[in-house]
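For the sequence shown, our numbering begins at 97 and goes up steadily by one. Inspection log for the structure reproduced underneath, given as structure tokens.
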Amino acid sequence: MLELFSGFKSKFYKPFVRILLFIISIVIVTYLLPKTGKFAYEYQNGTPWKHQTLIAPFDFPIYKTQAELNDETNAALKNYRPYFEFDTSMVQSIKEEFSNDYDGFVNNNQDNYPLLAKGNKDKINYFALLKNSIIDNLNELYAQGIILLPEEYVDAQPSFEMMLIKGTYVEPYELSELEQRTSAYQRLARNSATDLPLENEEIIGEVSQLINSLQLNKYIKANVLINEERSATELAQLRKNISLTSGRVLAGQRIIDQGEIVTSEIEKVLDSLRRKYEANIVSDTDYYFILSGQLLLVALMFTSIYLFLFYFRRDVFNSISSISFILLITLTMVLFASLKQFFVHFPFFIIPFAILPIIIRTFLDSRLAFFMHVITILICAFFAQNSFEFVFIQIPVGLVAMFSLFRMTRRSHIVRTAMLIILTYSLFYTSLLLWQEGTLKNINPVMFAYYAANGVMLLMVYPLIWIFERIFGFLSDVTLIELADTNHPVLREMAEATPGTFQHSIQVGNLAQEVAYKLGANPALVRAGAMYHDIGKMASPLFFTENQAGGLNPHTKLDFEDSARIVINHIDNGVKMAQKHNLPRQIIDFITTHQGTTKTRYFYNSYINKYPEKTPDISAFSYPGPTPFTKETAILMMADSIEAASRSLKSYSDDEIDKLVEKIINIQIEEDQFINAPITFKEITEAKEVFKNKLKNIYHARIEYPDIKK
Numbered sequence: 097m098l099e100l101f102s103g104f105k106s107k108f109y110k111p112f113v114r115i116l117l118f119i120i121s122i123v124i125v126t127y128l129l130p131k132t133g134k135f136a137y138e139y140q141n142g143t144p145w146k147h148q149t150l151i152a153p154f155d156f157p158i159y160k161t162q163a164e165l166n167d168e169t170n171a172a173l174k175n176y177r178p179y180f181e182f183d184t185s186m187v188q189s190i191k192e193e194f195s196n197d198y199d200g201f202v203n204n205n206q207d208n209y210p211l212l213a214k215g216n217k218d219k220i221n222y223f224a225l226l227k228n229s230i231i232d233n234l235n236e237l238y239a240q241g242i243i244l245l246p247e248e249y250v251d252a253q254p255s256f257e258m259m260l261i262k263g264t265y266v267e268p269y270e271l272s273e274l275e276q277r278t279s280a281y282q283r284l285a286r287n288s289a290t291d292l293p294l295e296n297e298e299i300i301g302e303v304s305q306l307i308n309s310l311q312l313n314k315y316i317k318a319n320v321l322i323n324e325e326r327s328a329t330e331l332a333q334l335r336k337n338i339s340l341t342s343g344r345v346l347a348g349q350r351i352i353d354q355g356e357i358v359t360s361e362i363e364k365v366l367d368s369l370r371r372k373y374e375a376n377i378v379s380d381t382d383y384y385f386i387l388s389g390q391l392l393l394v395a396l397m398f399t400s401i402y403l404f405l406f407y408f409r410r411d412v413f414n415s416i417s418s419i420s421f422i423l424l425i426t427l428t429m430v431l432f433a434s435l436k437q438f439f440v441h442f443p444f445f446i447i448p449f450a451i452l453p454i455i456i457r458t459f460l461d462s463r464l465a466f467f468m469h470v471i472t473i474l475i476c477a478f479f480a481q482n483s484f485e486f487v488f489i490q491i492p493v494g495l496v497a498m499f500s501l502f503r504m505t506r507r508s509h510i511v512r513t514a515m516l517i518i519l520t521y522s523l524f525y526t527s528l529l530l531w532q533e534g535t536l537k538n539i540n541p542v543m544f545a546y547y548a549a550n551g552v553m554l555l556m557v558y559p560l561i562w563i564f565e566r567i568f569g570f571l572s573d574v575t576l577i578e579l580a581d582t583n584h585p586v587l588r589e590m591a592e593a594t595p596g597t598f599q600h601s602i603q604v605g606n607l608a609q610e611v612a613y614k615l616g617a618n619p620a621l622v623r624a625g626a627m628y629h630d631i632g633k634m635a636s637p638l639f640f641t642e643n644q645a646g647g648l649n650p651h652t653k654l655d656f657e658d659s660a661r662i663v664i665n666h667i668d669n670g671v672k673m674a675q676k677h678n679l680p681r682q683i684i685d686f687i688t689t690h691q692g693t694t695k696t697r698y699f700y701n702s703y704i705n706k707y708p709e710k711t712p713d714i715s716a717f718s719y720p721g722p723t724p725f726t727k728e729t730a731i732l733m734m735a736d737s738i739e740a741a742s743r744s745l746k747s748y749s750d751d752e753i754d755k756l757v758e759k760i761i762n763i764q765i766e767e768d769q770f771i772n773a774p775i776t777f778k779e780i781t782e783a784k785e786v787f788k789n790k791l792k793n794i795y796h797a798r799i800e801y802p803d804i805k806k
């Protein structure tokens, strides 16, 4: 039962997930599309009306623009006065608190004020006079009102007006008519001493000292506070009283004729008609027909993607991560385009749509990148004001992006591409304007600023490529170049532990890269794979000829089977080492396939020669495979065997090199090493020629320098 379930899962899991991803994408895009129905007119202030005469189909109000509403709201807010509430009950508790504190302070500290305690010749009690003076001033302050201003009114001018609620009635007040806490404290401290009959400077000094010690600021509390509920209600009513409309259009009334320039007033009428139409279809059955049409249209577009992958890119079709990546970046572009629905003045041309073909081209191929770019642009055109012009400009921009960034190996490449895209946008915009207007007078310089911003935002492709690499396990040319750098920690370790293997890997990389250029493969991938294909030899470096020195060969003490096993194990050791250092899966593929299912021919032939009467166990002398399954891994297998065999040549004549290359590759073909790789006999023949020419250049004869004869 468990085996049946596992078989069912393996057979139907990928198709189910693949279809589910496409269905989710269709639903999301359909949801984002504007539900405008047949009202999809394209218009812009200052441009001619390109459609037939438009007649109002029904009565509708003319809505004010957001700028007009903002102006009216700001004008209304100038007359808005917030509401504050006057608390008349607070002063009594403040006076009682002060009186108790004052009496206690005087009883405990009157010896510190001998002149005040002694009084004057008329036996005046200064302590009692000061207490009464402070209480009287507190009465005056709280009767006038001590206000606490909210943060938004802290910088208000003295003429600032408010509505003050006193009991059951409300009256307007200016801020200057009230005291704030700081000024109230200063006034209390100043007036309390002024009202006393003081005879000399000594008594005045003790009174000032006593007032400072009383900390009168404790008794200054705001009794005029903002009434937020009443203020919010009045503000909401003020906004409510602002009319949203500025007129009305009757059914049958002409709105605009074909060729007529769209003025700001006509644009406002057209926007009002669109809003009214969209509001009507929300509750109408037409909405569901519109939704059905959009769903069908989007489904057809995504079905074309599905079929394209099925027929032309089966490798991508079979990879759930690749499909997820393609759909994710497509949905992201559509999501950014949909912002036009929510922000009226959203700069649509600032969206860097060229990022999509660049990233897909970087990880997959140009044909798929261009196809996805066209599909995405067709969907995003529904959000553009002028769909035809949008599509007409964006498709060439995508082509320029792909052509100019064919190989992104340096940061300067993306900068160059950004500049070319800005130039492409500008040229196409200018040419379309000249065609439509016949003059440069109506050119909009802001558009060029949008195009420049678009080019700057295109620089985001660099970190995005890194992010997608980590999420989906892809490899870019930039990463491959970093991996092939001989300063990489693994390669530095390899250069120290196995110097001969390291030099061999470099030469294999040189050979394989030249063939990759010739056959249209990925040269950066081949070179990176070549640098790591033999890292497993670091586990036992002396068991490989290129690392042996002084004639020491440990294989002389081993059986042929044991020697073959040690050599074959460098594949498994290389995979473990690559996984330990988190090398990408694509690089590990080169480690596992560079020997395919070939035999360790030296030990196999030696065994047969020594034991002709025995039948050898072929599996003990054969590599585990798999055989190469990409063009790049096939190239590396050829380069690895040819470079290793070339070191054993006794003569580096052209004829010997030609024979060597033909022999090595023909043996690999006979052993079916390339049956799983997408490489043709024509390409193999071309690869042979490159190998021959490259080896002849490496081992070309040199003239002998003559010695100086005395």
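Backbone N, C-alpha and C define an ideal beta-carbon position, used for all residues, glycine too.
{"Item": "Per DSSP, the bridge partner or partners of Lys262", "Value": "Tyr265"}
{"Item": "Close Cβ partners of Ile231 (< 8 Å) along its chain, the five nearest in sequence each way excluded", "Value": "Lys191, Phe194, Ser195"}
{"Item": "Burial state of Trp531 (16 or more Cβ within 10 Å)", "Value": "exposed"}
{"Item": "CA-to-CA distance, Phe413 to Phe112, given in whole angstroms", "Value": "13 Å"}
{"Item": "For Phe182: DSSP bridge partner residues", "Value": "Val320"}
{"Item": "N- and C-terminal bounds of the alpha helix (DSSP H) containing Ser288", "Value": "277-290"}
{"Item": "Meets three-Cβ-pair contact criterion under 8 Å: the segment 443-452 and the segment 472-482", "Value": "yes"}
{"Item": "Status (buried if at least 16 other CB within 10 Å, exposed otherwise) for Leu100", "Value": "Only weak support is given to the placement of Leu100: the predicted model assigns it a pLDDT of 46, under 50, and the question is left unresolved by the model."}
{"Item": "Same chain only: Cβ atoms within 6 Å of Gly596, ignoring 5 sequence neighbours per side", "Value": "Glu642, Asn643"}
{"Item": "6 Å Cβ shell around His469 - same chain, five flanking residues per side excluded", "Value": "Leu452, Pro453, Gly494"}
{"Item": "As assigned by DSSP and simplified to three states, the class of Phe568", "Value": "helix"}
{"Item": "Touching by the beta-carbon criterion (3+ pairs, under 8 Å), the segment 339-350 and the segment 302-312", "Value": "no"}
{"Item": "Ser500 burial status per 10 Å Cβ neighbour count (16 or more: buried)", "Value": "buried"}
{"Item": "Glu610 in three-state terms, based on DSSP", "Value": "helix"}
{"Item": "Where Gly200 sits in the DSSP three-state scheme", "Value": "helix"}
{"Item": "Contacting residues, own chain, Cβ-Cβ under 6 Å from Pro637 (five flanking each side not counted)", "Value": "Ala593, Thr594, Asn643"}
{"Item": "Thr169 to Arg335 span [Cα, whole Å]", "Value": "7 Å"}
{"Item": "Bounding residues of the beta strand (DSSP E) (the contiguous stretch that carries Tyr159)", "Value": "156-159"}
{"Item": "Separation of Arg370 from Gln154, as counted between CA atoms", "Value": "A small correction: the amino acid at residue 154 is Phe; Gln does not occupy that position in the sequence shown. Those two C-alpha atoms are separated by around 12 Å."}
{"Item": "Top-ranked residue by Cα proximity to Ser415, from Ala280, Phe568, Tyr383, Gly142", "Value": "Phe568"}
{"Item": "Identified DSSP bridge partners for Lys807", "Value": "Since the first residue of the chain shown is 97 and the last is 806, residue 807 is not available in this structure."}
{"Item": "6 Å Cβ shell around Tyr546 - same chain, five flanking residues per side excluded", "Value": "Pro443, Phe445, Ile446"}
{"Item": "Bridge partners - Lys695, DSSP secondary structure assignment", "Value": "Ser718"}
{"Item": "Which of helix, strand or coil DSSP assigns to Val123", "Value": "helix"}
{"Item": "Residue burial classification, Ala480 (beta-carbon count within 10 angstroms, cutoff 16)", "Value": "buried"}
{"Item": "Beta-ladder partner(s) of Arg350, from DSSP", "Value": "Ile151"}
{"Item": "Same chain only: Cβ atoms within 8 Å of Ile242, ignoring 5 sequence neighbours per side", "Value": "Leu274, Glu275, Gln276, Arg277, Ala280, Ile316, Lys317, Ala318, Asn319, Val320"}
{"Item": "Straight-line Cα distance separating Glu565 from Leu679", "Value": "12 Å"}
{"Item": "Sub-8 Å separation of Ala730 and Val604 beta-carbons", "Value": "no"}
{"Item": "Sequence-distant residues of its chain with Cβ nearer than 7 Å to Lys792 (five each side left out)", "Value": "Asp750, Ile753"}
{"Item": "Pairwise C-alpha distance: Met498 and Arg463", "Value": "10 Å"}
{"Item": "Endpoints, alpha helix (DSSP H) assigned at Val345", "Value": "Here Val345 belongs to no alpha helix (DSSP H); instead the beta strand (DSSP E) covers 341-345."}
{"Item": "Cβ-Cβ distance between Ser742 and Leu756 below 8 Å", "Value": "yes"}
{"Item": "Nearest neighbour of Ile738, chosen from Tyr407, Asn789, Asn175 [CA to CA]", "Value": "Asn789"}
{"Item": "Straight-line gap, Phe156 to Phe449 (C-alpha atoms, nearest Å)", "Value": "37 Å"}
{"Item": "Spatial neighbours of Val611 in its chain, beta-carbon cut-off 6 Å, leaving aside the 5 residues before and after", "Value": "Ile731, Ala783, Val786"}
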